[in-house]
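Novice:
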Amino acid sequence: MNELPRPVPFTDDPDTGGFWSAAERGELAVLSCTSCAAVIHLPRPMCACGSAELDWRPTAGSGRVFSYTVVRHKMNRAFEVPYTVVLVQLEEYPDVRLTGYLPGEVAIEIDQPMLVVFESYGGKVVPNWIPQAVAPAAAPTTRQGAA
Ligand SMILES: [Zn+2]
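Per numbering that gives the first Met the number 0, the sequence shown starts with residue 0, numbered consecutively.
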């Protein structure tokens, strides 16, 4: 039914480009201030302390479900319904929350452990989340997503 390819992120933005570069290396990274060590999320060009000396810090790539929803009404032809959208807070930085996409209606619970995976489509590498219970024993992996 005339499906569209999944949308891809704009990865050349000066504020968020480091996030996407890290993803290409198989790392989930957060922006941090080298002066005061604060984590800056959402990424922006300057820390609240006034420093513009920022760096991307790799994380363990694990988190817990902060919230989720199941989408049953098709809003975008690139995504078959139903699908589950999760909002995951990082274990190391609970103030950092990132979304993930799971095909189908997935049994999810608040606080459920999740692991990052890296999906490749449209020429980009995009971090996504899967329940830790179904994750392979190894750490973050790269897998081929749908085109
Ligand atoms: Zn700072």
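Using N, Cα and C, we set each Cβ at its ideal position, and we do this for glycine too.
Tell me, to the nearest whole angstrom, how far the beta carbon of V125 is from that of P8; I am working on the premise that it is less than 8 Å.
Specialist: 6 Å
Novice: Going straight from the alpha carbon of N127 to that of E108, what length do you get?
Specialist: In a straight line, the C-alpha of N127 is about 17 Å away from that of E108.
Novice: What residue range does the alpha helix (DSSP H) around F117 cover?
Specialist: That residue, F117, is in no alpha helix (DSSP H); its beta strand (DSSP E) goes P112 to Y120.
Novice: For C35, which residues from the same chain have a beta carbon less than 6 Å from its beta carbon, with the 5 sequence-adjacent residues on both sides left out?
Specialist: C48
Novice: What did DSSP end up calling E18 once you bin it into helix, strand or coil?
Specialist: The amino acid at residue 18 is misidentified as Glu; the sequence shows Phe. Three-state DSSP puts F18 in a helix.
Novice: Taking 8 Å as the threshold, find out whether the stretch 88 to 98 comes into contact with the stretch 55 to 75 through three or more Cβ pairs.
Specialist: yes
Novice: Suppose you measure from the CA of D11 to the CA of F18; what does that come to, to the nearest Å?
Specialist: 10 Å
Novice: On the criterion of 16 or more Cβ atoms from any shown chain inside 10 Å, does E104 qualify as buried, or is it exposed?
Specialist: Label assigned to E104: exposed.
Novice: What do you reckon, is the C-beta of A51 under 6 Å from a heavy atom of ligand 1?
Specialist: no
Novice: Cα separation between P130 and S66?
Specialist: Distance between the alpha carbons of P130 and S66 is about 13 Å.
Novice: Given the structure, does S119 come close to ligand 3, in the sense that its CB is under 6 Å from one of the ligand's heavy atoms?
Specialist: Because ligand 3 does not appear in the structure shown, any question about it cannot be addressed here, the ligands present being ligand 1.
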